[in-house]
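J.: Please read through the structure below; I'll follow up with questions.
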Amino acid sequence: MNGERAFRGTLIVAVLGVIFTLAAPSVFELFTIINLTTAIALAMLALSLALVWGYGGILCFGQTAFFGIGAYAYTIAAINFGGSTGAILVAILAAAAAAAILGYVVFYGRVSDVYLAVITLTVALILYSLIRRTSGPEYKIGNALLGGFNGVTSPPINVPWAPYTMLFPEHLFYVAMVALILAYIFCGWLVRTHFGRVCVSIRENELRAELIGYDTRLYKLGIFTIGAAVAGLAGVLFSNGIGRVTPDVFNLYNAALTIIWVIVGGRGTLIGPILGAFGLFYLTSSLGSQSVLNNNLVLGVILIVFVLGVPRGVVPTVTDWLDSRRSRKALRAKERRLRLRRSRAASAEPAE
Amino acid sequence: MDLVIALGLQILYGIANLALISLGLAIIFGMMRVINLAHGEFLMLGGYTVVVATNAGVNIWIAMLVLAPLVVGVIGVIVERLLIRWLYGRMVDTLLATWGLSLLFIGLVTTIFGASTATTISPPLGVIEIGQYSSSGYELFLILVTVALLLAVWATLKLTKLGLVARGTMQNAEMASALGVSTNQTYMITFGLGAAVSGLAGGLLAPITGVLPTIGAIYIAKAFITVISGGMAILAGTTSASILLGGVNGITAFLTGPTMGEVALLLVAIILLRLMPRGITGTWFRKSL
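Each protein sequence line maps, in turn, to chains H and L. Counting along the first sequence from 1, when you hit position 171 you're at 170 in numbering that gives the first Met the number 0, and nothing is skipped either side. Counting along the second sequence from 1, when you hit position 139 you're at 138 in numbering that gives the first Met the number 0, and nothing is skipped either side.
Okay, structure coming up:
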């Protein structure tokens, strides 16, 4: 697909997002809007993994580690600073820094993709068991108690430079939605820059990219760090949507969920995982209200079915199907025109 | 002196514990290059087997040492036939499919047994006195079982026909199949054996940790890091990585508390992987099992 045309697609999706943002508060109830804020945060986490895995080809099973680090860093910084503006920056930087350190170890150590998957997952799980243990009063950073498995209450985002003007839930929804749309446009732009194209070429054939002369380690580290920064921002939104941050952000269930969004939505697209996150958020919250089918059971079946049956995910499968239908239709139209011309020519001949 | 013995025993138990929970994963990974993300759930199923069997009146030793590996081994063979078999050579898909399997098992067990801890069973052996310190006899038993298990796996690989075939398949699957070995069957048996060892480990640990549908998550982080730090060689890898990581964890935990012990374990593993990306046995003991 032509790069210009594809970026136009990104902008069209962004415009649809803006329309949704403006329409949602007058369509949905406040409760739904508050829930949507959480879903938006998760969608942004999905977007970050779509970038790292779908375009960078880096199989990061522990994207939630950076998500959680972002959430914790925001909360702790906001408590200590007494305002959220600097804290958001701290959260993004903390997530990116953690990814840069971990990425340096794995990419410069030339750890292969499957090992990398397990290492990133392990980091998330170890963070989970570590933070769970920090329930005593001795575990605090500045004024913020870490609180063990009960977590920490997150101060809501305030208007910049006005620490006492907190945002109302519906305003928070706007902020989250704008952040998601901007992050989506940013990622859509990034994958079409020279840097993004090199990352895609590394995904396709690392050896060849290296032989052409690119330092693949550096590019992978770059996209991994940027993805983690996006995940960190998602963590900020999440702690705002929920109102607190607990070690559960690091647990196995959430790590699996993130992978499932990307698998279901489709690798190699940005909108697919976002839609996957919204769809599965809707599914799991409607499953939560009944007790016959367990959430884990349903997600496990979804994951297995997709890996075996629809390995490329919904969005690429649907677009391919539409494309092939369109081209079949175009082909049929062409044939019809040809036949028409031939029959005309045949009927014209005897007259001559 | 008593302190040294008690502490040494504690560290030794930490090492044995790591080796015990990792061995099943290491067998499957070393043989088939398949990282089984449902490993934690195999351990969990072993634990449930023991709890259900003892509640039904079966002797606890039979439940732990015979039933748990048998049940989980059979489950492993079924899983291999129905799921893993279709995904050989597609490592990433295998990872994802086994992760789906892990969620599926958690969901199934939660549906059947409920989300909370099932009836706990107490460790069957008493306390051992070392001077003024005391140690659990059951922990000592677990150390011995781990050593016996490692020896049994070594003997199976080194002395039996099955071990020979398995080692051949591991080194060069294509050549083995050209010589008339059914690699398909070898993989099935290997996966079943790996699952059985995991089930045994889960069953043995059930009296200490209790059982929960989500208990697998406690084990897998440590099992993964041990197997990856160890590298491809099943026995040498598991043993050396367990000694290194378990030792670091035990000593740091003794000096500063259990939280720092886990941090130290993770840090050592990450530094190790920066220096030896293919694990300990990727650099040293390359010819070992």
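For each residue, glycine too, the CB sits at the ideal point set by N, CA and C. Here the structure is a predicted model, which means the values were calculated and not measured.
Run the CB neighbour count on Asn35/L, radius 10 Å, all protein chains shown included, and call it buried at 16 or more, exposed below.
T.: buried
J.: By Cβ distance below 8 Å, which residues in the same chain neighbour Leu243/L in space, the five residues on each side in sequence not counted?
T.: Around Leu243/L, the same chain offers Ser228, Val267, Leu271, Ile279 as residues with beta carbons nearer than 8 Å, after the five sequence neighbours per side are excluded.
J.: Are the beta-carbon atoms of Ile59/L and Ile120/L separated by less than 8 Å?
T.: A contact, by the Cβ cut-off of 8 Å.
J.: Let me know the secondary structure DSSP gives Ala143/H once reduced to three states.
T.: strand
J.: Let me check understanding here. Comparing Cα to Cα, which of Ile61/L, Leu107/L, Gly209/L lies closest to Val297/H?
T.: Of the candidates Ile61/L, Leu107/L, Gly209/L, Leu107/L places its Cα closest to the Cα of Val297/H.
J.: Taking buried to mean at least 16 other C-beta atoms within 10 Å of its own C-beta, is Val110/H buried or exposed?
T.: buried
J.: Could you tell me the alpha carbon to alpha carbon distance between Gly198/L and Val26/H, rounded to whole angstroms?
T.: Straight-line spacing of the CA atoms in Gly198/L and Val26/H works out to 53 Å.
J.: Counting only C-beta atoms, is Trp283/L closer than 8 Å to chain H at any point?
T.: With 8 Å as the cut-off, Trp283/L does not count as an interface residue toward chain H.
J.: Decide if Arg336/H is buried, meaning its Cβ has at least 16 other Cβ atoms within 10 Å, or exposed.
T.: exposed
J.: Might you give, ordered along the chain, the residues of its own chain that have their beta carbon closer than 8 Å to the beta carbon of Gly287/H, omitting 5 neighbours on each side?
T.: Asn294
J.: Comparing C-alpha positions only, which one of Phe284/L, Ser115/L, Met30/L sits nearest to Val152/L?
T.: Met30/L
J.: Please tell me whether Tyr114/H has its Cβ less than 8 Å away from any Cβ of chain L.
T.: By the rule that beta-carbons nearer than 8 Å mark a contact, Tyr114/H touches chain L.
J.: Compute the beta-carbon to beta-carbon distance between Lys219/H and Gly108/H, rounded to the nearest angstrom, for a pair I have assumed lies under 8 Å.
T.: Actually they do not touch by this definition, with Cβ atoms about 12 Å apart.
J.: Hey, quick one: how far does the alpha helix (DSSP H) through Tyr114/H stretch, first residue to last?
T.: According to the DSSP assignment, Tyr114/H belongs to the alpha helix (DSSP H) that extends over 112 to 131.
J.: Is it true that the region 72 to 90 of chain L meets the region 3 to 20 of chain L, where meeting means three or more beta-carbon pairs spaced less than 8 Å apart?
T.: no
J.: Measuring straight from C-alpha to C-alpha, what distance separates Thr268/H and Ile224/L?
T.: 32 Å
J.: Does the region 121 to 139 of chain L come into contact with the region 235 to 255 of chain L, if we say contact requires no fewer than three beta-carbon pairs (one atom in each stretch) closer than 8 Å?
T.: Note that the region 121 to 139 of chain L does not touch the region 235 to 255 of chain L; fewer than 3 beta-carbon pairs, one per stretch, sit closer than 8 Å.
J.: Mind listing which residues of the region 205 to 235 of chain L have their C-beta closer than 9 Å to chain H's C-betas, in chain order?
T.: Pro212, Thr213, Gly215, Ala216, Ile217, Ile219, Ala220, Lys221, Phe223, Ile224, Val226, Ile227
J.: In this structure, does DSSP put Met275/L in helix, strand or coil?
T.: coil
J.: Which residues mark the beginning and the end of the alpha helix (DSSP H) in which Tyr107/H is found?
T.: 84 to 107
J.: If you measure between the beta carbons of Phe148/H and Thr245/H, is that distance less than 8 Å?
T.: yes
J.: At a CB distance below 8 Å, what residues from the region 103 to 134 of chain L approach chain H? Give them in sequence order.
T.: Under the 8 Å Cβ criterion, the region 103 to 134 of chain L contributes Leu103, Phe104, Ile105, Gly106, Leu107, Thr109, Thr110.
J.: Does the CB of Ala344/H have a neighbour CB from chain L at under 8 Å?
T.: Ala344/H has a beta carbon lying at 8 Å or more from every beta carbon in chain L.
J.: Closest to Gly234/H by CA distance: which of Ala23/H, Leu92/H, Ala13/H is it?
T.: Leu92/H
J.: Within this structure, are the beta carbons of Ile184/H and Ser83/H separated by less than 8 Å?
T.: no
J.: Assign Phe28/L to buried or exposed, taking buried as 16 or more other Cβ atoms, counted over all protein chains shown, within 10 Å of its Cβ.
T.: buried
J.: Give the secondary structure of Glu351/H by DSSP, where H, G and I count as helix, E and B as strand, and everything else as coil.
T.: At Glu351/H, the pLDDT of 47 sits below 50, so the modelled position is not reliable; the number obtained from the coordinates is stated separately. Three-state result, Glu351/H: coil.
J.: Is it the case that the Cβ atoms of Ile201/H and Thr215/H are separated by a distance below 8 Å?
T.: Yes, these two residues count as a Cβ contact at 8 Å.
J.: Keeping to the same chain, check which residues put their C-beta closer than 8 Å to that of Ser153/H; ignore five residues upstream and five downstream.
T.: Ala70, Tyr73, Thr74, Ala77, Ser238, Asn239, Ile241, Gly242, Arg243, Val244
J.: Check whether chain L comes within 8 Å of Arg202/H, counting only Cβ atoms and requiring the distance to be less than that.
T.: no
J.: How would you label Ser47/H, buried or exposed, when you count the other beta carbons within 10 angstroms and need 16 or more for buried?
T.: buried
J.: Entirely within the region 224 to 268 of chain L and at least 4 residues each: give me those alpha helix (DSSP H) ranges in chain order.
T.: Within the region 224 to 268 of chain L, the complete alpha helix (DSSP H) runs of at least 4 residues are 233 to 255.
J.: Could you work out which residues of chain L lie near Ala227/H, taking near to mean beta carbons separated by less than 9 Å?
T.: By Cβ distance, chain L contributes nothing, its closest Cβ being about 16 Å from Ala227/H, past 9 Å.
J.: Where does Lys160/L land, buried or exposed, given buried means 16+ other C-beta within 10 angstroms?
T.: exposed
J.: Looking at Pro206/L: is its Cβ nearer than 8 Å to the Cβ of Tyr132/L?
T.: No; because the gap between Cβ atoms is not below 8 Å, this pair is not in contact.
J.: Within the same chain, show all residues whose beta-carbon is closer than 8 Å to that of Ile11/H, passing over the 5 residues directly before and after it, in chain order.
T.: none
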